[in-house]
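Participant:
Numbering (my numbering), first residue to last: 187 to 848.
Encoded structure:
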């Protein structure tokens with residue numbers, strides 16, 4: 187159980203100096219800079235033992251490890267300032283003053299968020315970009331604008347303006363740092379709550395409000411110099427009585443760049459929304475009444491981010507391809523795949539799903555010009571691609587930022603003129619791809635690019651429901667593969683090492699699932715895999731024997747040395763599990779699951795004890811030496827002498843030949 191945070195007070199002098207030295211000099215410092223230490227001690231005497239101050243000033247000093255920079259900081263006039271009425275410490279102002287100008291702007295923008303807000307770096311960077319805070323002149327070779335923004339965020343983290351949160355991949359801002367941001371941002375930035383009585387200055391350019399109803403929206407949208415308007419609701423569903431009053435004032439937001447109206451009860455957007463010519467970021471997510479978007483939305487040519495999550499949209503405007511600067515479109519997969527001529531959105535970085543159709547504007551070639559795609563891409567209906575030449579127009583091998591790719595055939599139209607293997611050949615991904623799934627492929631052979639030299643960085647591979655694919659031995663050559671899922675491959679009769687030696691077969695594999703392979707007669711040799719932790723074998727109807735070869739080479743002292751979870755499910759013909767004595771089997775096993783294997787009579791020895799054991803619908807007549815010697819004098823073994831000291835979970839169902847349980 188996680189308790190409430192414990193506030194830390196000031197540290198004693200020795201502990202504080204130790205912390206400060208680590209922040210300012212680094213953990214490897216061995217005292218080789220006595221002059222800097224003298225300056226550091228003068229600075230430390232002014233920090234009042236506060237750990238936050240040590241981290242921030244120490245990090246600031248570390249940025250410029252020379253006597254001149256350190257003296258400038260030590261002799262700054264800011265040290266003479268008293269703590270102001272907002273409680274902002276001079277030492278924190280000092281850290282802000284020494285930020286580069288581009289980081290100052292990014293930091294002050296964060297004053298729009300409430301205390302204890304969980305910041306996602308990616309989301310924050312996109313807001314900075316929309317405001318123009320991320321400079322192109324900071325871009326290095328082959329660096330995207332978002333990568334520059336991510337560097338900004340990391341630098342603020344390194345300087346302790348953000349701290350990593352204990353939950354998820356988010357960050358929080360210390361309350362004192364948040365006070366600093368609000369103090370510095372006065373006049374230009376403003377954040378209010380519904381019950382807040384403070385006035386909004388006329389100089390306000392960036393406004394954030396947390397509301398309980400829509401009555402204040404008309405007033406807020408009167409500020410015609412706003413560049414940012416961010417509305418958050420305290421309600422689960424936030425409703426307007428009748429038509430949304432925001433529409434009346436929409437035309438006044440001429441300078442708006444960021445418009446976030448999450449969960450605001452909006453029913454529609456105004457037809458004149460294209461008048462917001464500077465708008466770069468539009469978020470209307472969680473507005474459940476929005477069914478359609480006006481065609482005029484497509485006139486927002488500067489729009490970079492459009493967030494439509496959890497809206498009940500039935501479709502998108504026909505002219506979406508006019509949004510040539512759009513980088514991020516967040517909407518349901520089935521809607522995003524309907525965009526006509528999506529290839530015109532050349533700045534697009536996220537396209538989770540693309541459905542290939544024979545209609546003009548939905549060909550696979552539309553993907554060719556989308557060179558900035560990041561993250562995940564699923565291409566479905568590949569049966570509508572007729573040749574390698576057509577497939578290659580997708581230019582998948584040039585999409586260096588893609589991490590996950592799903593290639594899916596959803597039907598087999600029986601067209602003998604289409605050669606699936608040639609189509610798959612034309613869909614060769616970039617060599618940096620991390621995750622690949624091939625689903626529904628109707629070809630017999632593997633593509634030539636599924637090999638170590640061309641996919642050396644692949645860590646996850648899924649081959650699913652490929653009914654004619656016969657030989658998948660090429661997968662054994664993938665050197666960095668950690669997860670392999672082979673499911674629904676009825677034509678595969680064996681999984682061999684192919685061109686790999688046994689020692690080089692999937693050398694880094696950690697998880698393997700073999701499922702529903704109706705023609706597979708023999709399990710491959712797997713016991714030699716040094717890092718395999720999870721092995722699941724399911725629905726293998728013709729496997730009768732798991733032989734000694736399953737455990738790997740006979741000269742191995744340990745078989746499956748890292749395996750923690752092992753499952754055999756639904757193997758109706760499996761009768762024999764054989765092994766050679768003298769080798770240690772499954773030394774790290776924690777969970778064993780054997781279900782619906784009615785002909786299996788006995789198990790190998792399994793020391794040490796697993797934490798979880800499930801035996802369901804098995805035909806065991808002999809229980810192994812699981813953990814301690816048991817009495818074997820009876821011809822029909824009785825499970826009465828087992829010493830199962832550390833078993834946390836056990837499931838024994840339908841073991842017909844077992845006469846007694848302890």
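Even for Gly, the Cβ is constructed at its ideal location relative to N, Cα and C.
On the CB-based measure, 16 or more other CB atoms within 10 Å of its CB, does residue 309 come out buried or exposed?
Facilitator: Exposed is the call here.
Participant: Return the chain-ordered list of same chain residues with a C-beta closer than 6 angstroms to the C-beta of residue 480, the five sequence neighbours on each side being excluded.
Facilitator: Contacts found: 455, 457.
Participant: Please check the pair residue 616 and residue 588, which I expect to be a contact at CB under 8 angstroms, by giving their CB distance rounded to whole angstroms.
Facilitator: Sure, about 6 angstroms apart at Cβ, within 8 angstroms.
Participant: May I ask which residues mark the beginning and end of the alpha helix (DSSP H) holding residue 645?
Facilitator: Looking at the DSSP string, residue 645 is not in any alpha helix (DSSP H), and its letter there is neither H nor E.
Participant: If you draw a straight line from the C-alpha of residue 486 to the C-alpha of residue 509, how long is it?
Facilitator: Cα-Cα distance, rounded: 7 angstroms.
Participant: Let me know the secondary structure DSSP gives residue 850 once reduced to three states.
Facilitator: The structure shown does not extend to residue 850, since the chain spans only 187 to 848, so no value can be given for it.
Participant: Have a look at the DSSP bridge pairing and note the partners of residue 535.
Facilitator: DSSP output for residue 535 lists no bridge partner at all.
Participant: May I have the straight-line CA-CA distance separating residue 715 from residue 641, to the nearest angstrom?
Facilitator: Looking at the two C-alpha atoms, the distance is approximately 20 angstroms.
Participant: Go ahead and pull the three-state DSSP assignment for residue 699.
Facilitator: It is a strand residue.
Participant: What is the rounded straight-line gap between the Cα of residue 295 and the Cα of residue 658?
Facilitator: Going by the C-alpha atoms only, they are around 53 angstroms apart.
Participant: Since residue 558 contacts residue 591 with CB under 8 angstroms, what's their CB separation in whole angstroms?
Facilitator: Not a contact, Cβ separation roughly 15 angstroms.
Participant: In this structure, does DSSP put residue 575 in helix, strand or coil?
Facilitator: Helix.
Participant: Could you check what DSSP says for residue 798 in three-state terms: helix, strand or coil?
Facilitator: Note: residue 798 maps to strand in three-state DSSP.
Participant: Which residues in the same chain have their Cβ closer than 7 angstroms to the Cβ of residue 736, if we skip the five residues on either side of it in sequence?
Facilitator: The answer, listed in chain order, is 709, 711, 712, 713.
Participant: Among 236, 504, 732, 572, whose alpha-carbon lies nearest the alpha-carbon of residue 547?
Facilitator: For residue 547, the nearest C-alpha among the options comes from 504.
Participant: Taking the straight line between their C-alpha atoms, what separation do you get for residue 328 and residue 288?
Facilitator: Computed Cα separation, rounded: 21 angstroms.
Participant: Which residues mark the beginning and the end of the alpha helix (DSSP H) in which residue 479 is found?
Facilitator: Per DSSP, residue 479 belongs to no alpha helix (DSSP H) and is neither H nor E.
Participant: Can you name the start and end residues of the alpha helix (DSSP H) that residue 497 belongs to?
Facilitator: That residue, residue 497, is in no alpha helix (DSSP H); it is neither H nor E in DSSP.
Participant: Excluding the five sequence neighbours on either side, which residues of its own chain have a C-beta within less than 6 angstroms of the C-beta of residue 319, listed in chain order?
Facilitator: Once the five neighbours on either side are set aside, the close Cβ partners of residue 319 are 291, 292.
Participant: From what residue to what residue does the alpha helix (DSSP H) around residue 255 run?
Facilitator: Taken as a continuous stretch (DSSP letters only), the alpha helix (DSSP H) holding residue 255 covers 253-260.
Participant: Here's the rule: buried if 16 or more other CB atoms are within 10 angstroms of the residue's CB, otherwise exposed. What is residue 364?
Facilitator: Classification for residue 364: buried.
Participant: Which of helix, strand or coil does DSSP assign to residue 742?
Facilitator: In this structure, residue 742 counts as coil in the three-state DSSP scheme.
Participant: Looking at residue 523 and residue 569, is the spacing between their C-beta atoms short of 7 angstroms?
Facilitator: No, they are not a contact pair.
Participant: How big is the Cα-Cα spacing for residue 755 and residue 731?
Facilitator: Computed Cα separation, rounded: 14 angstroms.
Participant: Please classify residue 446 as buried or exposed, where buried requires at least 16 other C-beta atoms within 10 Å of its C-beta.
Facilitator: Buried is the call here.
Participant: In angstroms, rounded to a whole number, what distance separates the CA positions of residue 413 and residue 725?
Facilitator: Going by the C-alpha atoms only, they are around 59 angstroms apart.
Participant: Sort 571, 604, 537 by Cα distance to residue 561 and report the nearest one.
Facilitator: Nearest option by C-alpha distance: 537.
Participant: Suppose the cutoff is 8 angstroms on Cβ atoms and the five residues either side in sequence are ignored; what does the same chain contact list for residue 747 look like?
Facilitator: Excluding residues within five positions, the ones whose Cβ falls inside 8 angstroms are 716, 773, 774.
Participant: Look up residue 240 in the DSSP assignment and say whether it is helix, strand or coil.
Facilitator: Three-state DSSP puts residue 240 in a helix.
Participant: Work out the CA separation of residue 705 and residue 821 for me, nearest whole Å.
Facilitator: Residue placement at residue 821 cannot be trusted, given a pLDDT of 31 that sits under 50; the coordinates are not used to answer.
Participant: Taking the alpha-carbon positions, what's the residue 686 to residue 733 distance?
Facilitator: Confidence at residue 686 is low in this model, with a pLDDT of 48, below 50, so the placement of that residue is unreliable and no value is reported for it.
Participant: Determine the contact status of residue 245 and residue 209, defining contact as a CB-CB distance below 7 angstroms.
Facilitator: Going by C-beta atoms, residue 245 is nearer than 7 angstroms to residue 209.
Participant: Helix, strand or coil, according to DSSP, for residue 561 in the structure here?
Facilitator: If DSSP states are grouped into helix, strand and coil, residue 561 belongs with the strands.
Participant: Please name the residue or residues paired with residue 417 in a DSSP beta bridge.
Facilitator: BP columns for residue 417 point to 395, 447.
Participant: From this set, 418, 572, 409, 419, which residue's C-alpha is nearest residue 436's C-alpha?
Facilitator: Residue 409 is the option with its Cα nearest to residue 436.
Participant: Starting from the Cα of residue 302, find the closest Cα among 362, 275, 334 and give me that residue.
Facilitator: Among 362, 275, 334, the Cα nearest to that of residue 302 belongs to 362.
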